[in-house]
DNA sequence: CTGAAAGCGCTTACAG
DNA sequence: CTGAAAGCGCTTACAG
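Protein chains in written order, with UniProt numbering: chain A, 1 to 345; chain B, 1 to 345.
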């Protein structure tokens, strides 16, 4: 662990060694037009030979770009979502020559920290920001970001869609499709475990379930819809209640994988084998679901792809105004993931 | 989503408005000594009034610091570890005025990407790097980082401990303590599900278990130690095998929470109620374990605190050489987490 | 306690 | 196709 204090190689050194001006070196570095193939290759050789690495700060200062894109989370911890977003975002930032900076707005005790947002925006110089849910619908955040005059893209926003570019997937359509696939296996008594009422994805998934059932002419009794909060314990309680019904369902569709895992535990408690006597499906394709027993049938939510698209939308806005694409939103595809927690009736 | 093209307020504007030199403004900004209280407050007022935000690139260029700290992961996705590391690291970077940049070295298909490492180090200007396991023991990574002459700190390294500063926790001691706590509840037939043989934490945890049993005078039969790979399915198989023994254990200690959850599933399969007829404990304090049923007794691994300490060690090295602390390692404390998956015999 | 000058290493805007 | 000059907005090193 040392710091090298010997002088760094700069663009001037390269220019001198290659017998050209620094402007020409700059052209080669940035793949600009206007350098003959001969000069270009000579400069590249010298760069390679001297191990030259451009100074990012100098580049930023003169170009007025930080080459930093921030992604802000409510909470970084304990969440598969976070890693997926970063994986996707990183693919896009690398392609574009940007670096990915992470931030979160919650205090350690889980309180929303309005000052943190202001501080983040005050002390930093992002070229753009990716806002994840539920932050992307928080008016305090949006106002702070807009006051700082920062470009931003939202992931799966709930409302006010014209306000800024966004990426999304069709939760309702996916839930409908998942429900229909249970129907096609012969299931008729299909129950649903809903997520929190104020959560966009939860609402949409519930609507998709209801729509599918309505399309098949089924009036869903209230008892078939249990309410949950996206956490495992609520799925357990919901499953427990549903399996205690006089005529229990043959299939339970939980609004996310965590709750579906809770349903599996409830089935174990009731001595109901899955999938032989009960089919269970989830939503999200969380790693927990894949390692559950039996492995959970679910819907793949393309989180990484959504984040990648979000960064792409952002970067495109930084380009030359004449060619700047004004793509306002991008929709990503879901995919049903069939594992071992379902079987035909 | 707009970009403001009006001229930014700079240090020159503040200096003019406050009637001082830019050097004095700089002193106030950086809380340097040598500015009277009167001047200081006058400058601060002007800064506030004009909404001045220092340009980070300019600061970096002249101070030869990027104020960027990188944290490199093998894989960003699907892992509770990643979020915890970032949460802790972010606490420390914020305190020190740094930003946290994330990177991963695996390609999307899970292949180690040696070129990615070189590219990361080539295109970026970190002041320092946090290396997470198992990267922190990968000679290719270490060589690349050292060749780039970058300061770095390792989290829970396996070997070659003198090579660079590091943070760690006592996995062996924790596993010993967890085993002894089962013993004190009256358990005598305590089985262990081991993690992968090439994984430092897995080895240490197994040794802690064996040490505790040896201290109590028990020669552990081979059949009591099942081998796993830290994934849930291996825990399920291990539990299945252990519960099929002629004299099954009354307690199973799994080397991590994922495998412990698999053991719970095996217990359900065997119709063995947990904790009434079988106690199950894990290790890590992963969120999965908390939402398992029954909620899992485990050992809290202070991942966030380790990451925070790692960044602290790094930042201290950047300070004035005269006061630079040469703290080489820091040990963090574990903590037993008692939930509902254990009961006395 | 305060400031004038130089310089960090690039890109931009312009000229030829 | 190529380059000389100016400038980005700070900090450093030095002087008083």
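Ideal Cβ positions, reconstructed from N, Cα and C, are used throughout, including at glycine.
My understanding is that residue i touches residue j, with C-beta atoms under 8 Å, so please give their C-beta distance in whole angstroms.
i: residue 35 of chain B; j: residue 28 of chain B; result: 6 Å
i: residue 341 of chain B; j: residue 287 of chain B; result: Not confirmed; about 15 Å, so no contact.
i: residue 151 of chain A; j: residue 317 of chain A; result: 6 Å
i: residue 332 of chain B; j: residue 128 of chain B; result: The Cβ separation is near 19 Å, so there is no contact.
i: residue 236 of chain B; j: residue 266 of chain B; result: 5 Å
i: residue 100 of chain B; j: residue 102 of chain A; result: 6 Å
i: residue 14 of chain B; j: residue 52 of chain B; result: 5 Å
i: residue 185 of chain A; j: residue 345 of chain A; result: 6 Å
For residue i and residue j, I'd like the C-alpha separation in whole angstroms.
i: residue 120 of chain A; j: residue 74 of chain A; result: 13 Å
i: residue 232 of chain B; j: residue 276 of chain B; result: 22 Å
i: residue 1 of chain A; j: residue 60 of chain A; result: For residue 1 of chain A, the predicted structure reports a pLDDT of 35, less than 50, and the residue's modelled location is therefore unreliable. A value from the coordinates is still provided. Approximately 27 Å, taken between the alpha carbons.
i: residue 282 of chain B; j: residue 257 of chain B; result: 5 Å
i: residue 260 of chain A; j: residue 254 of chain A; result: 5 Å
i: residue 87 of chain A; j: residue 307 of chain A; result: 8 Å
i: residue 163 of chain B; j: residue 143 of chain B; result: 11 Å
i: residue 174 of chain A; j: residue 226 of chain A; result: 19 Å
i: residue 298 of chain A; j: residue 8 of chain B; result: 50 Å
i: residue 65 of chain B; j: residue 159 of chain A; result: 41 Å
i: residue 132 of chain B; j: residue 76 of chain B; result: 11 Å
i: residue 124 of chain B; j: residue 200 of chain A; result: 38 Å
i: residue 284 of chain A; j: residue 81 of chain A; result: 9 Å
i: residue 304 of chain A; j: residue 44 of chain B; result: 43 Å
i: residue 262 of chain B; j: residue 292 of chain B; result: 10 Å
i: residue 137 of chain A; j: residue 114 of chain A; result: 14 Å
i: residue 271 of chain B; j: residue 208 of chain B; result: 30 Å
i: residue 49 of chain B; j: residue 16 of chain B; result: 14 Å
i: residue 168 of chain A; j: residue 302 of chain A; result: 9 Å
i: residue 309 of chain B; j: residue 98 of chain B; result: 15 Å
i: residue 251 of chain A; j: residue 264 of chain B; result: 23 Å
i: residue 58 of chain B; j: residue 57 of chain A; result: 7 Å
i: residue 274 of chain A; j: residue 280 of chain A; result: 7 Å
By a C-beta neighbour count over all protein chains shown, 10 Å radius and 16 as the cutoff for buried, is residue i buried or exposed?
i: residue 198 of chain B; result: exposed
i: residue 5 of chain A; result: Only weak support is given to the placement of residue 5 of chain A: the predicted model assigns it a pLDDT of 42, under 50, and the value that follows is read from those uncertain coordinates. The residue in question, residue 5 of chain A, is exposed, as its Cβ has fewer than 16 Cβ neighbours within 10 Å.
i: residue 12 of chain A; result: exposed
i: residue 157 of chain A; result: buried
i: residue 21 of chain B; result: exposed
i: residue 238 of chain B; result: buried
i: residue 33 of chain B; result: exposed
i: residue 326 of chain A; result: exposed
i: residue 243 of chain A; result: buried
i: residue 31 of chain B; result: exposed
i: residue 62 of chain B; result: exposed
i: residue 37 of chain A; result: exposed
i: residue 139 of chain B; result: exposed
Looking only at its chain, what residues have a beta carbon closer than 8 Å to the beta carbon of residue i, apart from the 5 residues adjacent to it on each side?
i: residue 180 of chain B; result: 212, 215, 216
i: residue 126 of chain B; result: 66, 68, 69, 70, 101, 150
i: residue 84 of chain A; result: 303, 304, 307
i: residue 141 of chain B; result: 72, 105, 117, 131, 135
For residue i, which residues of its own chain have a beta-carbon under 7 Å away from its beta-carbon, when the five flanking residues on both sides are left out?
i: residue 220 of chain B; result: 210, 213
i: residue 323 of chain B; result: Only weak support exists for where residue 323 of chain B lies, its pLDDT of 48 falling under 50; the coordinates are left without a value.
i: residue 112 of chain B; result: 105, 106
i: residue 241 of chain A; result: 226
i: residue 118 of chain A; result: 144
i: residue 328 of chain A; result: 165
i: residue 223 of chain B; result: 245
Only counting the same chain, and skipping five residues up and downstream in sequence, which positions put a Cβ closer than 6 Å to that of residue i?
i: residue 335 of chain B; result: 300
i: residue 204 of chain A; result: 171, 172
i: residue 206 of chain B; result: 194
i: residue 289 of chain B; result: 257, 282, 296, 298
i: residue 25 of chain A; result: 11, 14, 15, 43
i: residue 192 of chain B; result: 209, 225, 253
i: residue 392 of chain A; result: Lying before the first or after the last residue shown, residue 392 of chain A is absent from chain A, which here runs from 1 to 345.
Report the residues of the region 234 to 255 of chain A with a CB closer than 8 Å to any CB of chain B, ordered along the chain. 236
Using Cβ-Cβ distances below 8 Å, what residues of the region 289 to 320 of chain B are close to chain A? 291, 292, 293, 304, 317
Selection of the region 73 to 84 of chain A by Cβ proximity to chain B, strictly under 7 Å: 76, 77, 78, 79, 80, 82, 83, 84
Give me the subset of the region 217 to 233 of chain A whose CB atoms are less than 9 Å from a CB atom of chain B, sorted by chain position. 231, 232, 233
Within 9 Å of chain B by C-beta, residues of the region 91 to 105 of chain A in sequence order: 91, 94, 97, 99, 100, 101, 102, 103, 104
When Cβ atoms are compared, which residues of the region 41 to 59 of chain A fall closer than 9 Å to chain B? 53, 54, 55, 56, 57, 58, 59
Chain A contacts made by the region 255 to 266 of chain B, where a contact means CB separation under 9 Å: 258, 261, 262, 264, 265, 266
Please identify, using Cβ separations under 7 Å, the residues of the region 268 to 280 of chain A that lie next to chain B, in order along the chain. 268
Could you run through the region 139 to 173 of chain B and flag, in chain order, every residue whose CB is less than 9 Å away from some CB of chain A? 146, 148, 149, 150, 151, 152, 153, 163, 164, 165
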